[in-house]
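Below: the structure, in structure tokens.
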Amino acid sequence: SRCLFSTTNGDPSDRGRIRVITCDVTGTLVSFLGRIEDHYGEAARTCGIPIDAGRMSRIGECFDEAYRETSEAHPCFGNSSIGAKDWWRRCVNRSFELVGTDMSKSEREMVFQRVYSKFGSHAAYGAFPDAI
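According to my numbering, the sequence shown holds residues 4 to 135 in order.
Here it is as structure tokens:
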């Protein structure tokens with residue numbers, strides 16, 4: 004985990020006072036519940052997209068490849084080149100492309116929205132027992 008500290012907001016009287024601490028909480032304070040294959044597969048099935056067991060079993064490895072590709076094309080979750088939501092849209096859609104799932108543009112968007120909503124909620128995460 005990497006934390007960044009800001010000790011001033013530009014006011015000399017604030018020097019030395021910590022103003023902001025940010026942390027990557029996934030893997031440090033919280034962990035994913037379930038497997039990515041289950042979350043992505045559930046999203047696709049809910050949207051009426053059939054995925055056979057063989058493809059389901061490959062979603063995790065395809066996600067890893069899509070994540071690498073998207074990170075190389077747009078580092079830091081898009082930073083200033085694209086927004087974070089579009090970054091995740093590209094990553095999720097690429098994951099399904101790599102696994103060989105054929106979807107229309109509207110189906111891809113429906114599946115993406117379900118995946119994005121799930122991982123943007125508490126439903127996909129659980130706190131480690133020793134987390135603050």
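Cβ coordinates follow ideal geometry from the N, Cα and C atoms, glycine included.
- Taken in chain order, the complete alpha helix (DSSP H) segments of 4 residues or longer contained in the segment 42 to 112 are 56 to 76 and 87 to 102.
- Setting aside the 5 residues that flank it on each side, A134 is surrounded in the same chain by L32, each with a C-beta closer than 6 Å to its C-beta; the list follows chain order.
- In the displayed model, I39 falls within a helix according to three-state DSSP.
- One thing to note: A69 has its Cβ no nearer than 8 Å to the Cβ of V118.
- Looking at the DSSP output, A130 sits in a beta bridge with V33.
- A residue is called buried when at least 16 other Cβ atoms come within 10 angstroms of its Cβ; I21 does not meet this threshold and is exposed.
- Taking the Cα of E40 as reference, the smallest distance to any Cα among H77, R58 and T29 is reached at R58.
- One Cα belongs to A56, the other to T29, and the distance between them is close to 28 Å.
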